[in-house]
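Contents: one structure, followed by commentary.
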Amino acid sequence: MKRLLGAALLSLLAGCASTDVVDPHGYDQTGVASYYGAKHQGKRTASGERFDKNSLTAAHRQLPFGTRVKVTNLKNDKSCVVRINDRGPHIRGRLIDLSHEAAEQLGMIKSGTARVRVQALD
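Reading the sequence shown from the start, the letters are residues -19 to -1, 1 to 103 in mature numbering (1 follows the signal peptide of the UniProt record, and there is no 0).
Written as structure tokens, this is what we have:
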């Protein structure tokens, strides 16, 4: 019985996960970035590691975990490099969710969101 419940739970979770992982080679998109709130500090990310608001990490719906991307704020031309370690954003119309540190480096803390360019690094 426990095995059956475990298998059913895994199937349910697998159905919720994004299976549309894209090849990061040549990835170059523009869209809206947001950043994680402090309430996520220390919680597990989809990759299994703990979220650290002071690290340069991000959530993306489709890029593989470990992909490094350059994120550029199109309003002020500030940029930083982050590593994808989570899935999201979970708000429609957003391209990437950044750690607090990344958002600070991009100058978007006050506004909460910014129009950005996301480029995968080879």
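By construction, the Cβ of each residue, glycine as well, lies at the ideal position given by its N, Cα and C atoms.
The beta strand (DSSP E) enclosing residue i, as first and last residue numbers
i, result
"Q10", "D9 to Y16"
"A101", "T94 to A101"
"L76", "R75 to L79"
"D4", "Here D4 belongs to no beta strand (DSSP E), and DSSP marks it neither H nor E."
"N54", "R49 to N54"
"I65", "S60 to D67"
"A39", "T38 to A40"
Proximal residues to residue i (C-beta, below 6 Å), its chain only, five neighbours per side dropped
i, result
"D67", "T26, A27 and A40"
Nearest-angstrom beta carbon gap, residue j and residue i [assumed within contact, 8 Å]
i, j, result
"S80", "Y16", "7 Å"
"G88", "D78", "About 17 Å; that fails the 8 Å criterion."
"L44", "A101", "7 Å"
Through-space distance from residue j to residue i, alpha-carbon basis
i, j, result
"I65", "V2", "12 Å"
"V50", "V63", "6 Å"
"I90", "R98", "17 Å"
"G93", "E30", "24 Å"
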